[in-house]
Each structure stands twice: as structure tokens, then as C-alpha cells.
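S.K.: For the sequence shown, counting from 1, position 57 maps to 68 in the numbering used here; every step adds exactly one.
Idealized CB from N, CA, C, for every residue including glycine.
One structure coming up, written as C-alpha cells, with questions to follow.
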Amino acid sequence: MDAKIGDRDELSRARVKRDAVALRDSQDPTRLYLNEIGRKPLLSREGELALAIRMDSARTRILFELFRLRLCVSVIQEWIDEVVAEKLRLETIFALREAQAPVDPDAADLDAPSPAPAEPSSELRDLLLDALAMMSSAGDIDEQSRVMAGRWVAARIDALRLEELLKPFDVVSEPIEGIGRTLIRVASEVGMARIDFVATWRRRPGSSGDDTLSRLAGLSPACAASVDEVNRALGCWQMSFGRYSMAREALSHARLELKTAKQEMTECNLRLVVSVAWPLVERGLRLLDLVQEGNIGLMRAIDKFDASRGFRFGTYAVFWIRQAISRALSDQAHTIRVPVHTAEKASQVKRATQGLRDQLGREPTHDEVSVKSGVPVETVRRIGLLVRDVVSLDMKIGDDGDNSLGDLVVDRHSPSPDAIAAQSELRRLLSASMLSLSAREERVVRMRYGIGVTEMHTLEQVADGFGVTRERVRQIEVRALSKLKAHRRSQDLAELL
12 MDAKIGDRDE LSRARVKRDA VALRDSQDPT RLYLNEIGRK PLLSREGELA LAIRMDSART
72 RILFELFRLR LCVSVIQEWI DEVVAEKLRL ETIFALREAQ APVDPDAADL DAPSPAPAEP
132 SSELRDLLLD ALAMMSSAGD IDEQSRVMAG RWVAARIDAL RLEELLKPFD VVSEPIEGIG
192 RTLIRVASEV GMARIDFVAT WRRRPGSSGD DTLSRLAGLS PACAASVDEV NRALGCWQMS
252 FGRYSMAREA LSHARLELKT AKQEMTECNL RLVVSVAWPL VERGLRLLDL VQEGNIGLMR
312 AIDKFDASRG FRFGTYAVFW IRQAISRALS DQAHTIRVPV HTAEKASQVK RATQGLRDQL
372 GREPTHDEVS VKSGVPVETV RRIGLLVRDV VSLDMKIGDD GDNSLGDLVV DRHSPSPDAI
432 AAQSELRRLL SASMLSLSAR EERVVRMRYG IGVTEMHTLE QVADGFGVTR ERVRQIEVRA
492 LSKLKAHRRS QDLAELL
């Protein structure tokens with residue numbers, strides 16, 4: 012008995028090993044993707060908290076630099092104007108929660124419920140006004156910027172809005188970095204090694220302020236001209252090169268840190284997306300399509316996740332993943348797009364139909380489904396027609412696969428095979444009968460009755476073509492018809508006509 016159990020265990024281990032090798036060597040995209048995401052370990056509660064702290068810290072550093080440089084004044088002023096004009100909602104800038112002071116994640120009780128926000132709209136509106144007033148004031152605002160950045164991160168500023176705030180700095184940085192590339196080329200022409208130039212260009216400025224630009228300007232007249240361009244670009248923003256260099260370095264490190272933490276959080280939760288998408292495979296989209304849409308929801312959840320509220324990331328992210336997949340199914344699963352509200356009613360009707368089918372042992376009527384689901388009868392009937400699966404006319408049918416579904420569909424606008432055969436026979440008999448007529452008689456008959464020409468002609472049109480009177484054309488027509496009636500095939504023609 013023990014020997015049999017041992018043999019069974021050995022076979023089981025061999026089967027698992029064989030399946031693992033097959034999965035590893037498979038070229039199927041789905042298997043390759045599942046194999047790849049399975050290598051990343053799941054995050055523990057502490058790991059999620061650590062990544063959340065890294066992301067919030069990076070966001071705080073980004074906002075701090077933007078506030079102290081006063082580069083985002085125009086963007087925030089534009090937001091305020093749109094909010095006042097009711098063209099922009101505050102919840103598209105911040106999450107709807109109280110804009111309170113930042114909570115220390117290490118000291119926070121993660122199991123305690125978060126306090127309910129009181130009048131979040133006014134608090135969030137004050138965030139915009141306070142930031143604008145701070146940047147509009149004179150003097151050093153470094154400490155105020157640090158506090159304001161913490162408040163904005165605590166209010167969960169939207170990721171897309173954060174990118175909008177960064178655009179003014181990118182506008183400043185792009186031409187300056189372009190000039191820097193020009194300076195590299197010019198400096199190399201006067202004998203300065205590339206590594207020395209980069210060290211000079213990228214180094215943090217000392218107490219002398221813009222000594223970096225002064226050193227580069229002394230290399231050659233061309234370098235001096237490029238340095239003047241840098242000074243003009245920075246002068247528009249009332250910023251020294253030393254301050255720009257420090258901000259550039261700080262923002263680059265913070266943006267890289269934010270991107271790295273987001274990527275790690277995403278990769279460690281890809282299996283969560285697959286688990287949500289798997290039961291929905293037969294709704295009209297392939298697994299990889301569902302996973303792709305679910306990954307978009309996952310990344311949105313990462314941007315909005317607040318670890319200080321006390322729940323696990325998976326609990327929060329699953330709702331965003333389901334929403335993204337549900338919208339994708341609504342928009343893409345049908346050839347003709349079904350609106351979201353109609354898709355929701357269709358789900359109610361489907362559940363009611365399935366329940367009645369199991370209960371009654373037959374297909375329920377529209378009236379029964381209407382009573383069960385609470386959806387009007389006419390809506391039930393319309394949904395039944397709307398959500399039917401689309402079938403391709405090129406779908407192969409039969410055991411041999413030589414025929415397609417389109418071959419069996421009746422085209423009501425095309426003539427039947429019998430009519431086509433009759434027309435072909437009529438043309439053959441007419442051509443044979445026309446041989447008994449002269450060339451002029453045949454042409455008159457064809458023009459008058461539209462045989463072999465685009466349209467039927469009147470007596471006047473035929474007369475103009477021949478250069479004779481209408482009476483003469485009529486006489487030719489009568490004589491030609493008499494010959495056709497006397498022809499031996501006239502009886503066959505009469506039967507077809």
C-alpha cells in the first residue's frame with residue numbers, strides 16, 4: 012500500500028515538473044506572460060507601506076521644488092479660474108478627503124479607521140488659494156513650500172495634475188539642455204574633455220553662484236554666446252543657473268524615485284489583475300486584452316492609494332481593476348458599442364433569465380424575466396436583440412470547411428438563379444431571331460426596346476439618329492416586328508416573355 016502511494020506521489024511530482032518545463036518552453040504569449048509575472052514575489056503589508064512612503068516622499072520633493080521656484084503659478088491660477096467658472100471639479104485635482112497635515116506612516120495606527128472628512132471642498136479650494144498666495148509673496152519661501160508640499164500630498168494630488176505642474180519646468184529645461192549639448196561640442200573643439208565638461212555642467216554650484224557658466228564662457232567666443240543664451244532663458248523666469256542646477260538634480264532624482272516605486276508596485280500586483288480578469292474571459296475579449304485594461308486600472312489605483320487609511324493595497328486596487336475591465340467589456344466586446352447603463356441592465360436580465368431557467372426547467376418568457384429583474388418588458392425584448400453575439404459571414408461551416416456561412420445567406424436584392432437562367436436564354440433566342448432582320452431593322456428594334464443599349468429611345472430620338480422622319484422609323488419597326496413574329500423561334504420567345 013505504501014509502495015502504491017509512493018508511486019502516485021512520484022508520478023504527481025513528475026507531472027508537475029513536466030508542466031513547469033512545458034510552461035517555461037512555451038511560445039504562447041499568454042503562457043509567457045503568466046510565467047513572467049509569476050516570478051515577482053507578492054508584497055507584504057510592510058512592503059506596500061514602504062513603497063507608498065517612497066512614492067509620497069518623491070511627490071513631496073517634486074512639489075517642494077516646484078513651489079520654491081514659483082514656476083507653477085500660472086498653472087494653479089488657471090485651475091482656480093476654471094473651478095470658479097465651474098469648468099473644473101476639485102476632485103479631478105485632489106482626492107475628496109480632508110486636506111489635513113501629513114500623517115507620519117510610521118507612527119500612524121494602520122488598523123484605526125480614518126476620520127471622516129468635514130467639508131472637503133472648501134479645504135481643497137483653500138489648498139489652491141494658499142499655494143498661489145505663498146508663491147505670489149516676496150522673499151524666501153523654502154520652509155513654507157515644504158509644508159505646502161506635504162499638505163498637497165496628504166490631499167492626494169492627481170498624478171496627471173502633478174505632470175501639469177511639471178510642464179513649466181520642462182519648458183525651461185528643454186532649451187537649456189539643448190544649449191548644453193551645443194556647449195559640449197564647442198568645448199570639445201577647444202580641447203576640453205567631454206567628461207570634464209559634464210562634471211562642470213552637472214556639478215552643484217558653490218558659494219560663487221554662477222561660477223559654472225563663467226568658467227564655460229571663458230573657453231571660447233562660441234561658448235560665451237551659448238552661455239548668454241542660457242542666461243537669457245533663465246532670466247525670463249528670474250532664476251540663476253545655480254538654482255536651476257540644484258532644482259534640475261532634485262527633480263530628476265525625485266521623478267526617477269517615483270517612477271521606480273510605481274513600477275515595483277505594479278509588477279508585484281500583476282497577478283491580482285489576472286485573478287480579476289480570468290473569470291471574465293468569455294465576455295467577448297481575450298485574456299490578454301482584459302489584463303491590459305486591468306493593468307490600466309491597477310496603475311490608476313497606485314496613483315490614488317493612501318496607505319495611511321489602514322487597508323491593504325489589493326483591497327483598494329481590485330475596485331479600480333474591475334472598473335477598467337468592465338468599461339473595456341462595454342466598449343470593445345461588441346461590434347456595436349453597448350452603453351454602460353444598457354450593459355448593466357443586460358446583466359440584470361441575464362441573471363434573471365438564468366435563475367428562471369434553472370427554476371422552471373425551460374426558457375422563460377419576456378414577461379417572466381421582466382417581473383424577476385424589474386426591467387420593463389420592452390427593454391427586456393430590446394436587450395435580447397442587442398446583446399446577441401456577432402457571427403462572421405466568413406466563418407467556416409461543415410466538416411470539410413469548404414463552405415462559409417455567407418454562402419448560405421439569402422441575398423434578397425439579387426435575382427434568383429431561375430431568373431438569371433431565363434434572362435440568359437431570352438438573350439440567346441433574341442440574338443438568334445435578330446439574324447432574320449436587316450442591319451437597319453435590328454438597330455431600330457434594339458434602340459426602341461433597349462436591347463443591348465443603356466435605355467429605350469423614342470421615335471424622335473431614333474429618327475434623329477438615322478436622319479429620317481418619325482413615320483419612317485415607325486414603318487421600319489412594324490416591318491421588323493412582323494418578321495420576328497413569323498420567325499420559327501417566336502413561340503419560344505413568347506413562352507419566356
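Write down the C-beta distance between valine 489 and valine 473 rounded to the nearest angstrom, noting that I regard them as a contact closer than 8 Å.
M.R.: Not a contact, Cβ separation roughly 13 Å.
S.K.: How should phenylalanine 316 be labelled, buried or exposed, when 16 other C-beta atoms within 10 angstroms of its C-beta is the threshold for buried?
M.R.: When all chains shown are included, phenylalanine 316 counts as buried.
S.K.: Enumerated in chain order, which unbroken segments of the alpha helix (DSSP H) with a length of 4 residues or greater are wholly contained in the stretch 310-382?
M.R.: Entirely contained in the stretch 310-382, the alpha helix (DSSP H) runs reaching 4 residues are, in chain order, 324-343, 351-371.
S.K.: Based on Cα-Cα distance, which residue from Gln434, Arg282, Glu379 lies nearest to proline 52?
M.R.: Of Gln434, Arg282, Glu379, the residue nearest in Cα terms is Arg282.
S.K.: Verify whether the separation of the beta carbon atoms of leucine 291 and glutamine 343 is less than 8 Å.
M.R.: Their beta carbons are not under 8 Å apart, which means leucine 291 does not touch glutamine 343 by this criterion.
S.K.: Once you ignore the five residues that flank leucine 492 on each side, which residues in its own chain have a CB closer than 8 Å to its CB?
M.R.: These residues qualify, in order along the chain: Val456.
S.K.: Which residues does DSSP list as the beta-bridge partners of isoleucine 408?
M.R.: Per DSSP, Asn414.
S.K.: How is isoleucine 91 classed by DSSP in three states: helix, strand or coil?
M.R.: If DSSP states are grouped into helix, strand and coil, isoleucine 91 belongs with the helices.
S.K.: Isoleucine 168 bridges to which residues according to DSSP?
M.R.: For isoleucine 168, which the question treats as bridged, DSSP gives the partners Phe105.
S.K.: Ends of the alpha helix (DSSP H) at threonine 390?
M.R.: Start and end: 388-397.
S.K.: Rank Ser147, Gly366, Arg338 by C-alpha distance to the C-alpha of glutamate 355 and give the top, closest one.
M.R.: Checking every option, the nearest Cα to that of glutamate 355 belongs to Arg338.
S.K.: Would you say leucine 301 and isoleucine 336 are within 8 Å of each other, going by their C-beta atoms?
M.R.: Yes, the pair counts as a contact, with Cβ atoms nearer than the cut-off.
S.K.: When the Cβ atoms of the stretch 301-310 are set against those of the stretch 255-266, are three or more pairs found closer than 8 Å?
M.R.: No contact exists between the stretch 301-310 and the stretch 255-266.
S.K.: Of the residues Ser425, Val479, Ala432, Lys496, which one's Cα is nearest the Cα of methionine 445?
M.R.: Comparing Cα-Cα distances from methionine 445 to each of Ser425, Val479, Ala432, Lys496, the minimum goes to Lys496.
S.K.: Following the continuous alpha helix (DSSP H) through arginine 438, name the residue where it begins and the one where it ends.
M.R.: First-last of the alpha helix (DSSP H) with arginine 438: 428-445.
S.K.: Valine 388 and valine 360 - do their beta-carbons sit closer together than 8 Å?
M.R.: Contact flag unset, no.
S.K.: Could you check which residue in Ala170, Met146, Gly150, Leu171 has the C-alpha nearest to that of arginine 159?
M.R.: One detail in the question is off: residue 159 reads as methionine in this sequence, not arginine. Answer by Cα proximity: Met146.
S.K.: Please classify serine 403 as buried or exposed, where buried requires at least 16 other C-beta atoms within 10 Å of its C-beta.
M.R.: Exposed, since its Cβ has fewer than 16 Cβ neighbours within 10 Å.
S.K.: Rounding to the nearest angstrom, what Cα-Cα distance links leucine 440 and serine 341 in this structure?
M.R.: So the alpha carbons of these two residues sit roughly 60 Å apart.
S.K.: Can you tell me where the alpha helix (DSSP H) holding alanine 491 begins and where it ends?
M.R.: First-last of the alpha helix (DSSP H) with alanine 491: 481-497.
S.K.: Quick check on aspartate 151: buried or exposed, where buried means 16 or more other Cβ atoms within 10 Å of its Cβ?
M.R.: With fewer than 16 other Cβ atoms within 10 Å, it is exposed.
S.K.: Find out if the Cβ-Cβ distance for the pair serine 148, phenylalanine 78 is shorter than 8 Å.
M.R.: No.
S.K.: Compute the Euclidean distance between the alpha carbons of alanine 288 and glutamate 379, then round it to the nearest angstrom.
M.R.: Each residue's alpha carbon lies about 32 Å from the other.
S.K.: Would you kindly work out how many angstroms separate the C-alpha atoms of methionine 458 and valine 479, rounded to a whole number?
M.R.: So the alpha carbons of these two residues sit roughly 15 Å apart.
S.K.: Between tryptophan 90 and leucine 82, how many whole angstroms is the CB-CB distance? I'm expecting something under 8 Å.
M.R.: Not really, about 15 Å apart at Cβ, beyond 8 Å.
S.K.: So what does DSSP say about cysteine 83, is it helix, strand or coil?
M.R.: It is coil, neither helix nor strand.
S.K.: Does valine 402 come out as helix, strand or coil in the three-state DSSP assignment?
M.R.: Coil, per DSSP.
S.K.: Taking its Cβ as the centre, do 16 or more other Cβ atoms sit within 10 Å of isoleucine 394, making it buried, or is it exposed?
M.R.: With 16 or more other Cβ atoms within 10 Å, it is buried.
S.K.: Here's a check: name, in chain order, each residue in its chain whose Cβ is nearer than 7 Å to the Cβ of arginine 333, leaving out the five neighbours to either side.
M.R.: The residues are Val287.
S.K.: In terms of residue numbering, what span does the alpha helix (DSSP H) encompassing alanine 282 cover?
M.R.: Residue 282 is actually arginine in this sequence, not alanine. First-last of the alpha helix (DSSP H) with arginine 282: 281-288.
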